[in-house]
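In the numbering used here, the protein residues as written are 1 to 114.
We treat Cβ as the ideally placed atom computed from N, Cα and C, and that holds for glycine.
Encoded as C-alpha cells, the structure appears first; notes follow it.
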C-alpha cells in the first residue's frame, strides 16, 4: 500500500463518501506515478476502505482510481462528491474503477446501514 495523505475536504463531503465505506482524494501526478498510472488517467484515488463495508466486499482497495460514478465522469473530488452527495441513504452507486494493472471494471456499492 502507498502513503496516502488525507485530503482537505468539507465535513459534509467526507460524510457523503464515508457512508459508502471509503475515502477518496485527488489523483495527483505523484500518486499516479507511485501506483503506475499513466498521466492521462483522470479520476479520484481511493485512500482508504472500511473493512466489512460493501465497498470492501466488492473488491475496492486503496490505490484504485474511480473514473466515473453512475456513468458520469469523476475527474475531481468535487465531481465525485456531486454525484454521490445527493443520494439517499438507501441508494447505491455504480462506479467504474481502474486498478494499477490497468484493468477497468464496474462495481456497485451501497451505503452502510444506519
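{"Check": "From which residue to which residue does the beta strand (DSSP E) around residue 98 run?", "Outcome": "93–98"}
{"Check": "Out of curiosity, what's the CA-to-CA distance linking residue 100 and residue 52?", "Outcome": "23 Å"}
{"Check": "Find out if the Cβ-Cβ distance for the pair residue 94, residue 108 is shorter than 8 Å.", "Outcome": "yes"}
{"Check": "Which residue or residues does DSSP assign as beta-bridge partners of residue 104?", "Outcome": "98"}
{"Check": "For the stretch 25–99, which segments carrying the alpha helix (DSSP H) assignment without a break, of at least 4 residues, lie completely within its bounds, in sequence order?", "Outcome": "29–34, 54–57 and 77–84"}
{"Check": "Measure the alpha-carbon distance for residue 48 versus residue 32 and round it to whole angstroms.", "Outcome": "16 Å"}
{"Check": "Give every residue of the same chain whose Cβ lies closer than 7 Å to the Cβ of residue 136, excluding the five residues on either side of it in the sequence, and list them in chain order.", "Outcome": "Here the chain covers residues 1 to 114 and nothing more, so residue 136 does not appear."}
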